[in-house]
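For what it's worth, the working numbering labels the leading residue of the sequence shown as 43, then goes sequentially.
Using N, Cα and C, we set each Cβ at its ideal position, and we do this for glycine too.
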Amino acid sequence: MEKNNHSIRSSRLVLWMILLVALVVRVLIFIRFEPWDSTVISRQILIFDQLQYHEIARTLLQTCTFQSEFIPFRTPGYPVYVAFIYGLFGEQPYFVLFSHIGLNLLSIFLMYKIGKELFSGKVGLAAAFLFSLDAHHTMFIYYFLTESIYTTIFLLGLYTYIRGLKTNRLLFFLLTGFVYGLSMLIRPISQYYIYGIFVFTLMWYYKDWKNGIKWAAVVIVAYFITIAPWSYRNYHTFGHYAVSNIKGYNFLFWNASYFEAKRQQKTIEEINASFIDTLKTRGWRPDSNPFEKERIDGELAKEILTANFPDYLKMHLIGTVKIHLSVGTQSLTDVLHIPAKKWTEEEKYTNGVIPLIQKFFATKTIYEILLGSFVAVFLGIVYFFAAIGIWRMIREKQILLMLFLLGSAGYFALASGIISYARYRLPSMPFYILLACFGMAFLWDKYQKKKLSAK
Numbered sequence: 043m044e045k046n047n048h049s050i051r052s053s054r055l056v057l058w059m060i061l062l063v064a065l066v067v068r069v070l071i072f073i074r075f076e077p078w079d080s081t082v083i084s085r086q087i088l089i090f091d092q093l094q095y096h097e098i099a100r101t102l103l104q105t106c107t108f109q110s111e112f113i114p115f116r117t118p119g120y121p122v123y124v125a126f127i128y129g130l131f132g133e134q135p136y137f138v139l140f141s142h143i144g145l146n147l148l149s150i151f152l153m154y155k156i157g158k159e160l161f162s163g164k165v166g167l168a169a170a171f172l173f174s175l176d177a178h179h180t181m182f183i184y185y186f187l188t189e190s191i192y193t194t195i196f197l198l199g200l201y202t203y204i205r206g207l208k209t210n211r212l213l214f215f216l217l218t219g220f221v222y223g224l225s226m227l228i229r230p231i232s233q234y235y236i237y238g239i240f241v242f243t244l245m246w247y248y249k250d251w252k253n254g255i256k257w258a259a260v261v262i263v264a265y266f267i268t269i270a271p272w273s274y275r276n277y278h279t280f281g282h283y284a285v286s287n288i289k290g291y292n293f294l295f296w297n298a299s300y301f302e303a304k305r306q307q308k309t310i311e312e313i314n315a316s317f318i319d320t321l322k323t324r325g326w327r328p329d330s331n332p333f334e335k336e337r338i339d340g341e342l343a344k345e346i347l348t349a350n351f352p353d354y355l356k357m358h359l360i361g362t363v364k365i366h367l368s369v370g371t372q373s374l375t376d377v378l379h380i381p382a383k384k385w386t387e388e389e390k391y392t393n394g395v396i397p398l399i400q401k402f403f404a405t406k407t408i409y410e411i412l413l414g415s416f417v418a419v420f421l422g423i424v425y426f427f428a429a430i431g432i433w434r435m436i437r438e439k440q441i442l443l444m445l446f447l448l449g450s451a452g453y454f455a456l457a458s459g460i461i462s463y464a465r466y467r468l469p470s471m472p473f474y475i476l477l478a479c480f481g482m483a484f485l486w487d488k489y490q491k492k493k494l495s496a497k
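As structure tokens, this is what we get:
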């Protein structure tokens with residue numbers, strides 16, 4: 043008993059040390075970034091998607107309604123969070139970015155809890171430590187984007203789901219559906235993941251199929267109840283019962299655009315301009331119903347990609363591989379204000395893996411090469427030990443759990459596909475880290491046993 047209490051106290055001490063070091067590092071990066079500086083705000087923070095979230099939040103705070111031109115293109119979760127922070131502290135983006143540090147620390151803590159629930163306290167501590175070292179999960183704290191809050195909410199949903207499977211308690215399955223619904227309202231990439239949860243629940247309870255049907259139904263119903271108010275709002279306003287109209291836009295102006303840019307050897311801007319001309323001939327207008335515009339976008343994208351499907355599929359799968367390998371130094375150097383050689387979109391995303399590696403070492407600054415090397419080593423460690431973890435779980439006949447973790451990672455990587463931003467790898471990393479830490483724990487236990495037997 044005393045030995046167990048000592049082990050628990052030691053684990054808590056290690057966890058608090060991980061959190062404390064992570065906090066110090068993130069605060070120092072925050073100071074280095076200087077998000078209160080007007081130049082940083084105008085040139086790095088309030089640009090592109092980040093500016094949209096800022097404007098939606100300000101409108102929401104001032105009018106208590108979603109009147110922004112970007113709705114329903116953007117889901118309400120992150121703007122509501124930003125508006126809440128603005129209401130408490132003032133309309134300064136750096137307050138939001140500083141709050142991201144707290145969200146990231148909570149994600150580290152959740153990684154510990156998830157690893158402990160799935161495997162052991164040892165695996166939980168290793169998962170928390172590895173997650174705290176993920177450079178991109180750290181650097182995207184300082185972007186006015188959904189990454190930090192989405193990761194925290196998603197991991198919370200994963201934790202409640204695991205607790206539900208272990209305890210068979212209604213509360214945890216209700217919370218799982220509710221929390222995953224919130225994650226969908228923050229970032230629509232979750233829209234199909236819930237069906238994977240539904241199927242996995244049925245598979246997990248295959249020997250107790252009545253409970254399987256019951257708990258799967260509870261999760262899916264709680265999920266749809268959570269997203270229903272926003273979907274009804276869009277139905278009432280635009281005549282379409284849906285969460286967002288972003289899917290058709292992404293399908294055309296990301297997937298089809300990047301594919302056509304490579305196929306036709308043109309710039310992405312040229313391709314997008316030609317898309318706009320074609321859309322206008324089909325009745326697309328800037329002031330049209332946003333969901334009708336999405337329908338037209340999706341139809342054009344489907345025509346283009348269907349006509350060249352084998353080539354597109356190949357490029358999509360290559361993009362999935364590149365997501366796993368991308369060192370994404372630009373997002374790191376931007377935050378740290380380190381000299382960098384920036385590439386065009388065509389240079390980054392329409393070249394193969396080997397040419398990109400050669401170009402990286404030939405053109406990047408020494409700072410980028412050092413940062414990229416750190417990320418590459420980190421990824422190498424995670425993937426290597428994840429492979430061992432997968433092998434060990436197969437040997438221990440934990441195949442269903444392994445497929446859930448690996449399938450979850452694969453879902454997010456495949457969903458992004460052709461656009462190989464390191465940013466799009468972030469939702470997959472917790473699953474790879476959990477697999478890796480299981481592999482590490484297995485090798486450590488094996489080493490300890492060999493050490494004892496040698497005495």
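Three-state secondary structure assigned by DSSP to residue i
| i | result |
| --- | --- |
| D176 | coil |
| E345 | helix |
| Q134 | coil |
| F257 | In the sequence on display, residue 257 carries Trp and not Phe. Helix, per DSSP. |
| L200 | helix |
| D329 | coil |
| F90 | helix |
| L187 | coil |
| Q109 | coil |
| A496 | coil |
| N146 | helix |
| E76 | coil |
| Y247 | coil |
| L102 | helix |
| F215 | helix |
| L70 | helix |
| I318 | helix |
| Q490 | helix |
| G370 | coil |
| G459 | coil |
| Q307 | coil |
| S162 | coil |
| L55 | helix |
| T81 | helix |
| P114 | coil |
| R337 | helix |
| L207 | helix |
| R467 | helix |
Residue i and residue j closer than 7 Å at C-beta
| i | j | result |
| --- | --- | --- |
| W246 | L207 | yes |
| F480 | A451 | no |
| S174 | I150 | yes |
| L148 | T194 | yes |
| V417 | M181 | no |
| V424 | I475 | yes |
| V221 | I239 | no |
| I236 | Y192 | no |
| M482 | F426 | no |
| I127 | R68 | no |
| A264 | L216 | yes |
| L456 | T362 | yes |
| M226 | I288 | no |
| Y123 | Y95 | no |
| V56 | L172 | no |
| T243 | A258 | yes |
| Q109 | T101 | yes |
Whole-Å CB distance - residue i paired with residue j, under 8 Å assumed
| i | j | result |
| --- | --- | --- |
| L294 | D339 | 4 Å |
| I313 | S299 | 5 Å |
| L103 | G129 | 6 Å |
| P114 | S286 | 6 Å |
| S190 | L145 | 4 Å |
| I71 | Y184 | 7 Å |
| E387 | I460 | Actually they do not touch by this definition, with Cβ atoms about 12 Å apart. |
| Y463 | G394 | With a Cβ gap of about 17 Å, Y463 and G394 do not count as contacting. |
| F280 | N331 | 6 Å |
| H178 | S373 | 7 Å |
| M357 | K304 | 7 Å |
| F333 | H282 | 4 Å |
| Y291 | E336 | 6 Å |
| I89 | P77 | Incorrect: roughly 13 Å between the Cβ atoms, too far for contact. |
| L355 | L321 | That pair is no contact at about 24 Å. |
Chain B contact for residue i (CB, 7 Å cutoff)
| i | result |
| --- | --- |
| Y95 | Protein chain content of the structure displayed is limited to a single chain, and chain B is not contained in it. |
Task: Length-filtered (4 minimum) alpha helix (DSSP H) runs lying within the stretch 377-443 - done: If we require 4 residues or more, the alpha helix (DSSP H) runs fully inside the stretch 377-443 come out as 387-391, 395-405, 408-437.
Task: Inter-stretch contact at 8 Å, needing at least 3 Cβ pairs: the stretch 402-420 / the stretch 441-450 - done: Too few Cβ pairs lie closer than 8 Å, so no.
Open item on the list: Runs of 4 residues minimum, wholly inside the stretch 263-301: which ones carry the alpha helix (DSSP H) assignment?
Closed with: Runs of the alpha helix (DSSP H) inside the stretch 263-301: 288-292.
- [ ] Please confirm if the stretch 132-143 is in contact with the stretch 424-438, defined as three or more CB-CB distances below 8 Å between the two stretches.
- [x] Judged by Cβ distances under 8 Å, the stretch 132-143 makes no contact with the stretch 424-438, as fewer than three pairs qualify.
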